[in-house]
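Chemist: Per the working numbering, residue 1264 is the first one in the sequence shown, and the count goes up by one each step.
The beta carbon of each residue, even a glycine, is placed where N, CA and C say it ideally should be.
Quick one: this structure, given as structure tokens, is what I'll be asking you about.
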Amino acid sequence: MTAYELVVRSRRVVTPEGERAAAVAVRGGRVAAVEPYGAPLAAPEDVDLRDLTLLPGLVDTHVHVNDPGRAHWEGFETATRAAAAGGVTTIVDMPLNALPPTVSPDALDAKLRAAEGRCHVDVAFWGGAVPGNVEELRPLHDRGVRGFKCFMSPSGVDEFPPLSPAELRAALAEAAGFGGLVVVHAEDPALLREPGGPSYRQFLESRPDAAERGAVELLAEEAARTGARVHVLHVSSAACLDVLEAARARGVRISAETCPHYLTLDAEQVPEGDTAYKCCPPIRSRANRDLLWDGLARGVLDCVVSDHSPSTPDLKVPDFAAAWGGVSSLQLGLPAVWTEASRRGFGLPDVVRWMAERPAELAGLPGKGAIAPGRDADLVAFDPDAAVQVDAARLHHRNPVTPYHGRTLRGAVLTTWLRGRPVDGVPHGRFLLGAE
Ligand SMILES: [Zn+2]
1264 MTAYELVVRS RRVVTPEGER AAAVAVRGGR VAAVEPYGAP LAAPEDVDLR
1314 DLTLLPGLVD THVHVNDPGR AHWEGFETAT RAAAAGGVTT IVDMPLNALP
1364 PTVSPDALDA KLRAAEGRCH VDVAFWGGAV PGNVEELRPL HDRGVRGFKC
1414 FMSPSGVDEF PPLSPAELRA ALAEAAGFGG LVVVHAEDPA LLREPGGPSY
1464 RQFLESRPDA AERGAVELLA EEAARTGARV HVLHVSSAAC LDVLEAARAR
1514 GVRISAETCP HYLTLDAEQV PEGDTAYKCC PPIRSRANRD LLWDGLARGV
1564 LDCVVSDHSP STPDLKVPDF AAAWGGVSSL QLGLPAVWTE ASRRGFGLPD
1614 VVRWMAERPA ELAGLPGKGA IAPGRDADLV AFDPDAAVQV DAARLHHRNP
1664 VTPYHGRTLR GAVLTTWLRG RPVDGVPHGR FLLGAE
């Protein structure tokens, strides 16, 4: 009998073929075999989860780590610890809010130095496309970034300016030349305005659905024209869904994500002055939220990823016009989405498709996102029925600010294995810079 280093059994293993009883055998950090639940398999460690579920580690392709430069907002040590505690075994770091932003190979080197030896999960990187750096895209691609993020409207930080429509076209054309992916914050700056005051209603009115829809229309046109592969980040407005569907129907290579906060929170429940809820694009109405779930069910939206974008608490002033825009939820995405998904009749295989399989495909990480032979043994023991009240101060995020504070969420992560090793406080994360 061949020996394995680890076997994990569960009556509810979520595999690409659905949920079933199985024994997952690990060798060399990878899933070597998926056998029947009671199969005799020799391993020094044999864990039986019984009725608890075993999920693949989630892949969160939208995380702002802010390190180096703004590590007091969030750093690699805290972010990746929070990720592991939340069942996320791979993050893809966003190129902005760190200093320098990841817009050149030198800046990527600075990122790698900041992250070296401090990552509890595997980490990949997006590069940035900003005005004037089109010549850096190919070298960044060759260094292993998963694609390029750009903004169509101001980003919130001066050192990462948006692309004009002409610059966007140039970036897409450049990326298309080497098969690169461009991921886009799509809001039309011409349709955004300064909020008329500090209230949530005024903030929401300042960033209308039409701004998102119009930007997605323009992006789809430019993707069609250049042949580039594009991805719409954090879709908050359901008004984008038919634009995405129509573009795909005519062969445009466009995918899209939404985020836990757009699926689980709504404008009607934002407490006045509680800017933990502020993000761009904004959390919209309850009716809009229902339509986003419909978009997920129909596959118009591919991924659910956190857009974890923290800051220090002092920037979250109780004024929706002035506060930093960004929601912190890296550690909470899985229970938040599961709470709402289960209420709406979805199963864990759906959640895994949105939060692991599709994000891994998006970022070009074929070793990640599923429990299947040959994949990395990134595994999560999950109690799908636990009820846990969120205490922001007890999360691993660097700063205790999250709109989920005080909420009771369904599901608890019990153990997270990264390439077959339990995440145990010693950083074993790797950089994903190749064709992993
Ligand atoms: Zn973001």
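(1) Quick check: the Cα distance between Gly-1683 and Ser-1500, rounded to an integer number of angstroms?
(2) List in chain order: all unbroken alpha helix (DSSP H) runs of 4+ residues lying wholly within the segment 1333-1408.
(3) Write down the C-beta distance between Gly-1390 and Leu-1400 rounded to the nearest angstrom, noting that I regard them as a contact closer than 8 Å.
(4) Less than 8 Å between the C-beta atoms of Val-1676 and Phe-1645, yes or no?
(5) Check the DSSP bridge columns for Phe-1609 and list the partner residues they point to.
(6) How big is the Cα-Cα spacing for Asp-1529 and Ala-1266?
(7) Give the single residue among Cys-1413, Phe-1441, Thr-1602 and Pro-1647 whose Cα lies nearest to the Cα of Val-1277.
(8) Is Asp-1330 close to ligand 1? I mean its beta-carbon at under 7 Å from any heavy atom of the ligand.
(9) I want to check one thing, is the minimum distance from the CB of Asp-1309 to the heavy atoms of ligand 1 below 7 Å?
(10) So if I measure from each beta-carbon to every heavy atom of ligand 2 and keep distances below 6 Å, which residues remain?
(11) Measure the beta-carbon distance from Asp-1577 to Arg-1621 and round it to whole angstroms, keeping in mind my assumption that it falls under 8 Å.
(12) Start and end of the alpha helix (DSSP H) containing Asp-1557?
(13) Going by the DSSP bridge assignment, what does Ile-1546 pair with across the sheet?
(14) What residue range does the alpha helix (DSSP H) around Phe-1645 cover?
(15) Considering only DSSP beta bridges, list what Gly-1281 is partnered with.
(16) Looking at chain B, is there any beta carbon in it that lies within less than 8 Å of the beta carbon of Arg-1333?
(17) Could you tell me the alpha carbon to alpha carbon distance between Ser-1569 and Val-1271, rounded to whole angstroms?
(18) How many angstroms separate the CA atom of Ser-1592 from the CA atom of Tyr-1667?
(19) May I ask you to verify whether the segment 1620-1639 touches the segment 1298-1312, counting CB pairs closer than 8 Å and requiring at least 3?
(20) For Val-1351, tell me which candidate among Ala-1698, Gly-1692 and Gly-1697 has the shortest Cα-Cα distance.
(21) Of the residues Arg-1616, Pro-1461, Ala-1348 and Leu-1611, which one's Cα is nearest the Cα of Val-1706?
(22) Using 8 Å as the threshold, is the segment 1437-1451 in touch with the segment 1476-1485, meaning 3 or more CB pairs across them?
(23) Our contact map puts Val-1326 next to Val-1287 with C-beta atoms below 8 Å; I'd like the distance itself, whole angstroms only.
(24) Within 8 Å, do at least three Cβ pairs link the segment 1321-1339 to the segment 1281-1298?
(25) Determine the extent of the alpha helix (DSSP H) in which Arg-1621 is found, giving its start and end residues.
(26) Around the Cβ of Phe-1411, are there at least 16 other Cβ atoms within 10 angstroms (buried) or fewer (exposed)?
(27) Leaving out five residues before and five after Ala-1619 in sequence, what residues of the same chain have Cβ atoms less than 8 Å from its Cβ?
(28) Is the beta carbon of Leu-1595 less than 8 Å from the beta carbon of Val-1653?
(29) Go ahead and pull the three-state DSSP assignment for Glu-1603.
(30) Would you mind stating whether Leu-1362 and Gly-1332 have Cβ atoms separated by less than 8 Å?
(31) Using 8 Å as the Cβ pair cut-off and three pairs as the minimum, do the segment 1538-1545 and the segment 1466-1474 touch?
(32) Rounded to the nearest angstrom, how far is the Cβ of Glu-1268 from that of Ala-1306, given a contact under 8 Å?
(33) Any chance you could list the beta strand (DSSP E) runs of at least 3 consecutive residues sitting entirely within the segment 1444-1510, in chain order?
(34) Could you check the C-alpha separation between Asp-1421 and Ala-1509 for me, to the nearest Å?
(35) Rounded to a whole number of angstroms, what is the C-alpha to C-alpha distance between Gly-1443 and Gly-1301?
(36) For a test of the three-state rule: what should DSSP assign to His-1571, helix, strand or coil?
Modeler: According to the structure data:
(1) Locating residue 1683 in the sequence shown gives position 420, counting from the first residue. Locating residue 1500 in the sequence shown gives position 237, counting from the first residue. So the two alpha carbons sit approximately 39 Å from each other.
(2) 1339-1348, 1368-1378 and 1397-1405
(3) For this step, residue 1390 is matched to residue 127 along the sequence shown. For this step, residue 1400 is matched to residue 137 along the sequence shown. The Cβ separation is near 7 Å, so the contact holds.
(4) Taking the sequence shown and counting its residues from 1, one reaches residue 1676 at position 413. Taking the sequence shown and counting its residues from 1, one reaches residue 1645 at position 382. Yes, the pair counts as a contact, with Cβ atoms nearer than the cut-off.
(5) Locating residue 1609 in the sequence shown gives position 346, where the first residue counts as 1. For Phe-1609, which the question treats as bridged, DSSP gives no partner whatsoever.
(6) The residue labelled residue 1529 in the question sits at position 266 within the sequence shown. The residue labelled residue 1266 in the question sits at position 3 within the sequence shown. C-alpha separation (whole angstroms): 51 Å.
(7) Walking along the sequence shown from the start, residue 1277 turns up at place 14. Among Cys-1413, Phe-1441, Thr-1602 and Pro-1647, the Cα nearest to that of Val-1277 belongs to Pro-1647.
(8) Translated into positions along the sequence shown, residue 1330 becomes position 67. Checking the Cβ of Asp-1330 against ligand 1 gives no.
(9) Locating residue 1309 in the sequence shown gives position 46, counting from the first residue. It does not: the Cβ of Asp-1309 is nowhere closer than 7 Å to a heavy atom of ligand 1.
(10) The ligand content of the structure shown is limited to ligand 1, which means ligand 2 is not among them.
(11) Taking the sequence shown and counting its residues from 1, one reaches residue 1577 at position 314. Taking the sequence shown and counting its residues from 1, one reaches residue 1621 at position 358. Wrong, their Cβ atoms sit about 36 Å apart, outside the cutoff.
(12) Position 294 of the sequence shown, counted from the start, is the residue given in the question as residue 1557. Residues 1549-1560.
(13) Here the question's residue 1546 lines up with position 283 in the sequence shown. DSSP, once it has assigned bridges, lists no residue as partnering Ile-1546.
(14) Here residue 1645 refers to the residue found at position 382 when the sequence shown is read from its first residue. No alpha helix (DSSP H) contains Phe-1645, which is instead part of the beta strand (DSSP E) from 1642-1652.
(15) In the sequence shown, residue 1281 corresponds to position 18, counting from 1. DSSP, once it has assigned bridges, lists Thr-1278 as partnering Gly-1281.
(16) No chain B is present in this structure, which holds just one protein chain.
(17) Here residue 1569 refers to the residue found at position 306 of the sequence shown. Here residue 1271 refers to the residue found at position 8 of the sequence shown. Taking the straight line from one Cα to the other gives about 28 Å.
(18) Numbered from its first residue, the sequence shown carries residue 1592 at position 329. Numbered from its first residue, the sequence shown carries residue 1667 at position 404. Each residue's alpha carbon lies about 8 Å from the other.
(19) no
(20) For the purposes of this step, residue 1351 is identified with residue 88 of the sequence shown, where counting begins at 1. With distances taken between Cα atoms, Val-1351 lies closest to Gly-1692.
(21) Since the first residue of the chain shown is 1264 and the last is 1699, residue 1706 is not available in this structure.
(22) yes
(23) Within the sequence shown, the letter at position 63 stands for residue 1326. Within the sequence shown, the letter at position 24 stands for residue 1287. About 26 Å; that fails the 8 Å criterion.
(24) no
(25) Working through the sequence shown from its first residue, we reach residue 1621 at position 358. That run of the alpha helix (DSSP H) goes 1621-1625.
(26) Counting from 1 along the sequence shown, the entry for residue 1411 is found at position 148. Label assigned to Phe-1411: buried.
(27) Within the sequence shown, numbered from 1, the residue matching residue 1619 stands at position 356. So the qualifying residues of the chain are Leu-1318, Pro-1319, Gly-1320, Leu-1321, Val-1322, Lys-1631, Gly-1632 and Ala-1633.
(28) In the sequence shown, the residue the question calls residue 1595 occupies position 332. In the sequence shown, the residue the question calls residue 1653 occupies position 390. Taking 8 Å as the Cβ cut-off, Leu-1595 and Val-1653 qualify as a contacting pair.
(29) The count along the sequence shown starts at 1 and reaches residue 1603 at position 340. Looking at Glu-1603 - three-state DSSP - the assignment turns out to be helix.
(30) Position 99 of the sequence shown, counted from the first residue, corresponds to residue 1362. Position 69 of the sequence shown, counted from the first residue, corresponds to residue 1332. Yes; because the gap between Cβ atoms is below 8 Å, this pair is in contact.
(31) yes
(32) Sequence index remark: in the sequence shown, residue 1268 carries index 5 (1-based). Sequence index remark: in the sequence shown, residue 1306 carries index 43 (1-based). Yes, Glu-1268 and Ala-1306 are in contact; Cβ-Cβ is about 6 Å, under 8 Å.
(33) 1444-1448 and 1492-1495
(34) Taking the sequence shown and counting its residues from 1, one reaches residue 1421 at position 158. Taking the sequence shown and counting its residues from 1, one reaches residue 1509 at position 246. Each residue's Cα considered, the two are about 34 Å apart.
(35) Here residue 1443 corresponds to residue number 180 of the sequence shown, with the count starting at 1. Here residue 1301 corresponds to residue number 38 of the sequence shown, with the count starting at 1. Spanning the two alpha carbons is a distance of roughly 44 Å.
(36) Numbered from its first residue, the sequence shown carries residue 1571 at position 308. Correct three-state label for His-1571: strand.
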